[in-house]
Amino acid sequence: MNLSFAKFVAFLFPTLFLVSAIAAKPYWNEDLPAVKKVPGLDADQMDQLFTNLAEVTSPTVVNIFSTSKVQSGGRQMRGMDPDDFFNFFFGNPFDMPFGQPIERESKALGSGFVLNSDGYVITNSHVVRPVGRNADDVRIKFIGEKRGEGLAAKIVGVDPSTDVALLKLKSHTGKSLKVASLGNSDDLKVGNWVIAIGNPYGHAHSVTQGIVSALGRNIPEINAEFIQTSASINPGNSGGPLINLKGQVVGINTAIDPRAQGIGFAIPINTAKNVIRQLIEKGEVSRGWLGVAIADLTPDVAKQLQVDAPEGALIQHVEKGQPADKAGIRVYDVVTEVNGKQIASASELITYVSQVPIGQKAKLHIFRDGKPLDIFVTVEQRPADNKIGRRGDDNGDDEQPTRQGPGADLAGKTGMVLVELTDQFRRKGNLPSGTKGVLVQHVLPYSLAYQAQIRPGDVISEINRKAVSSVKMAEKEIDTSLKKEKKLLLRVVRNQESRIVLLDLSER
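Per this note's numbering, the very first residue in the sequence shown carries number 34; after that it's consecutive.
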């Protein structure tokens, strides 16, 4: 699956600091519930195990109903395109796509679980923000409550980045709350048995079982690496717990792959723990950042950069004046560790750094020009909008290049037509006046360049780590590569942000 962002959001660093903080003020219960251990399981004993597991943990699970008032004459605002790859379980499936502009109520349903005796409840952000803002009314029902409107709850805080929300019951006088036990999702292994409890399609407190199918899955727009599970989850399960055989919550059920059955995704509970702590203490979440654009290190790129590491995060762009720039991190650096923890992907780097307390230093182990190096970076708070180098208004001159000339000859070699980068194109692309490189004027469909996601309007500033400022220079570097290893390492600039692309010309 694709990348977008993180493998553990365990918020473990510095380890000693956070462990001591948790010990000092426990916001949740980690004692094992009274699930009976059954040695030497046979069929009847396995039955007994799951029955007991459901009996003990179901009272900690709640059904959540949110209502939002919206002005709409058309399809309900969803917060995500309904054709998106992942369906985030919210909204009313019976709302009409068209209608007169009126105020109406948008209802959503989901699940959650009780965090502690103070009445805190955990769920997904999208359950209580179905129209892009906090719901106007949130109600919670416990197991066995079939009638009535449920208990009112307030939204303490939400973190759309991880899709975690914290609620608090406004009043639960006379109700003895059964509290969930939080486990350690870092201990999960593929093949572990799990159960999911929730409110699918309004069928309250439904229990399904399955296994951990995979770990480290990515979903666009969510800053976490997900647990994939075969435990059946459906619309309405969002925010409910994924529970191990010890009776501990190890994940928050969040999404499904709508193309198949038995493919569901849960946020690791370790991802949620630091989010929960911050939402309780200050109602919002702060994250550290470096100010870089990154990508997964591939074997071919590692070979080109002479990096002696199987995995890591490739630095593609460094934002001027941001923490990475201040610390001396450069494009083409490869990060393989953060504070001694190995980095397996770009999303892991984002996740690990996001956990470092603001203002503290993170030790990055990197490879530069094939040599290992340690760099200390003082982590700063991630801006609310951390998109690097957004393209400005398209108000430049309408100069139209032609597909003729020297750059057109490269189409058969690379799949792209290159032209000189002029001042008109710099203005049109909102590029700094001193930007050097050649402009991609056309990309042949399904060519090497196309498959590498190079698009018209991109600027190639370097080829095989050598700066190019003209089509002639670019042709020379490409021809040299064709005679040698037949690999092109391109630095491609788009929206003032660079990325590294490898073209294998031997595959032409």
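C-beta: ideal position from N, C-alpha, C; glycine also.
All of these numbers come straight from a predicted model, not from anything done at the bench.
Within this structure, are the beta carbons of V223 and A247 separated by less than 8 Å?
-> Counting from one through the sequence shown, the residue named residue 223 turns up at place 190. Counting from one through the sequence shown, the residue named residue 247 turns up at place 214. The answer is yes: Cβ separation under 8 Å.
For F400, which residues does DSSP report across the bridge?
-> Within the sequence shown, the letter at position 367 stands for residue 400. Its beta-bridge partners are V367, P405.
Strand pairing of A198, partner residues [DSSP] = By 1-based counting over the sequence shown, the position of residue 198 is 165. DSSP output for A198 lists T156, V191 as bridge partner(s).
Give me the Cβ distance between I176 and S91, rounded to the nearest whole Å; I'm assuming they're in contact under 8 Å.
-> Here residue 176 corresponds to residue number 143 of the sequence shown, with the count starting at 1. Here residue 91 corresponds to residue number 58 of the sequence shown, with the count starting at 1. With a Cβ gap of about 5 Å, I176 and S91 count as contacting.
Whether L65 touches K394 by CB criterion (8 Å) = Residue numbering aside, residue 65 sits at position 32 when the sequence shown is read from its first letter. Residue numbering aside, residue 394 sits at position 361 when the sequence shown is read from its first letter. No, Cβ-Cβ distance for L65 and K394 is not below 8 Å.
Check each candidate in F298, H236, R162 and name the one with the smallest Cα separation from E178.
-> Position 145 of the sequence shown holds residue 178. Closest by alpha carbon: H236.
Is it true that the CB of V364 sits closer than 8 Å to the CB of R524?
-> Mapped onto the sequence shown, residue 524 falls at position 491. Mapped onto the sequence shown, residue 364 falls at position 331. Yes, they are a contact pair.
Inspect the beta-carbon positions of A346 and R532 and report whether they are closer than 8 Å.
-> Here the question's residue 346 lines up with position 313 in the sequence shown. Here the question's residue 532 lines up with position 499 in the sequence shown. Result no, Cβ atoms of A346 and R532 do not sit closer than 8 Å.
Does DSSP classify Q474 as helix, strand or coil?
-> Here residue 474 corresponds to residue number 441 of the sequence shown, with the count starting at 1. If DSSP states are grouped into helix, strand and coil, Q474 belongs with the strands.
With which residues is W322 paired in a DSSP beta bridge?
-> Along the sequence shown, read from residue 1 onward, the residue named residue 322 stands at position 289. Paired residues: E413.
Would you say the beta carbon of I230 comes nearer than 7 Å to a heavy atom of the ligand FAD?
-> Ligands displayed in this structure: none; no statement on the ligand FAD is therefore possible.
Could you tell me which of V412, V164, S209 sits nearest to G542, measuring between CA atoms?
-> Given a span of 34 to 541 for the chain in the structure shown, any question on residue 542 remains unanswerable.
Between the C-alpha atoms of R166 and D75, what's the straight-line distance to the nearest angstrom?
-> Counted from its first residue, the sequence shown places residue 166 at position 133. Counted from its first residue, the sequence shown places residue 75 at position 42. Distance between the alpha carbons of R166 and D75: 50 Å.
Unbroken stretches of the beta strand (DSSP E), 3 residues or longer, contained in the region 500-541 | 520-527, 530-537
Determine which residues share a DSSP beta bridge with I230 and list them.
-> Along the sequence shown, one-based indexing puts residue 230 at 197. V240.
Under a three-way DSSP split, which group does D114 fall into?
-> For the purposes of this step, residue 114 is taken as the residue at position 81 of the sequence shown. Residue confidence is low: D114 scores 42 on pLDDT, short of 50, so the model does not pin down where it sits. Its coordinate-derived value is still stated next. Three-state result, D114: coil.
N- and C-terminal bounds of the beta strand (DSSP E) containing E381 = Locating residue 381 in the sequence shown gives position 348, counting from the first residue. That residue, E381, is in no beta strand (DSSP E); its alpha helix (DSSP H) goes 379-388.
Kindly indicate which three-state DSSP category S271 falls into: helix, strand or coil?
-> The residue labelled residue 271 in the question sits at position 238 within the sequence shown. Three-state result, S271: coil.
Reduced DSSP secondary structure (H/G/I, E/B, other) of E63 | Here the question's residue 63 lines up with position 30 in the sequence shown. Three-state result, E63: coil.
Residue interval of the beta strand (DSSP E) (run including E453) | On the sequence shown, position 420 is the one that residue 453 refers to. Residues 449-453.
Boundaries (first-last residue) of the beta strand (DSSP E) holding R498 | Walking along the sequence shown from the start, residue 498 turns up at place 465. It is not in any beta strand (DSSP E) - R498 carries neither H nor E in the DSSP assignment.
Indicate the three-state DSSP secondary structure (helix, strand or coil) for V492 in the structure shown.
-> Counted from its first residue, the sequence shown places residue 492 at position 459. Correct three-state label for V492: strand.
Option nearest G324 by Cα separation, candidates S99, E352, Q414 = Residue mapping note: residue 324 aligns to position 291 of the sequence shown, counting from 1. G324 has its Cα closest to that of E352, out of S99, E352, Q414.
Can you tell me which of the three DSSP states R301 falls into?
-> Here residue 301 is taken as the residue at index 268 of the sequence shown, counted from 1. Position check: residue 301 holds Pro in this sequence, whereas Arg was assumed. Three-state result, P301: strand.
What's the gap between the Cα of N149 and the Cα of K359?
-> Numbered from 1 along the sequence shown, position 116 holds the residue referred to as residue 149. Numbered from 1 along the sequence shown, position 326 holds the residue referred to as residue 359. When rounded, the distance between both Cα atoms is 42 Å.
Pull up the distance between the alpha-carbon of A67 and that of L184, whole angstroms please.
-> On the sequence shown, position 34 is the one that residue 67 refers to. On the sequence shown, position 151 is the one that residue 184 refers to. Cα to Cα, A67 sits roughly 27 Å from L184.
Identified DSSP bridge partners for A186 = Sequence index remark: in the sequence shown, residue 186 carries index 153 (1-based). DSSP lists V171, L202 as partners of A186.
Sort T262, I230, N277 by Cα distance to I289 and report the nearest one.
-> Locating residue 289 in the sequence shown gives position 256, where the first residue counts as 1. Taking only the C-alpha atoms, the option nearest I289 is T262.
For my contact list, I266 and G231 are in at a C-beta cut-off of 8 Å; report their separation, rounded to the angstrom.
-> The count along the sequence shown starts at 1 and reaches residue 266 at position 233. The count along the sequence shown starts at 1 and reaches residue 231 at position 198. Sure, about 7 Å apart at Cβ, within 8 Å.
Between which two residues does the beta strand (DSSP E) harbouring V334 extend?
-> In the sequence shown, the residue the question calls residue 334 occupies position 301. Careful: V334 lies outside any beta strand (DSSP E), inside the alpha helix (DSSP H) at 332-337.
Is I487 closer than 8 Å to L521 when the C-beta atoms are compared?
-> Residue mapping note: residue 521 aligns to position 488 of the sequence shown, counting from 1. Residue mapping note: residue 487 aligns to position 454 of the sequence shown, counting from 1. Not closer than 8 Å, so no.
I391: buried (16+ other C-beta within 10 angstroms of its C-beta) or exposed?
-> Walking along the sequence shown from the start, residue 391 turns up at place 358. Flag for I391 reads exposed.
Taking buried to mean at least 16 other C-beta atoms within 10 Å of its own C-beta, is Y234 buried or exposed?
-> Walking along the sequence shown from the start, residue 234 turns up at place 201. The residue in question, Y234, is exposed, as its Cβ has fewer than 16 Cβ neighbours within 10 Å.
Contacting residues, own chain, Cβ-Cβ under 6 Å from R415 (five flanking each side not counted) = Locating residue 415 in the sequence shown gives position 382, counting from the first residue. Taken in chain order, the residues that qualify are R320, W322.
Determine the burial state of D192: buried for a count of at least 16 other Cβ atoms within 10 Å of its Cβ, exposed for fewer.
-> If you number the sequence shown from 1, residue 192 lands on position 159. It counts as buried.
Look up K140 in the DSSP assignment and give the residues it is bridged to.
-> For this step, residue 140 is matched to residue 107 along the sequence shown. Paired residues: T100.
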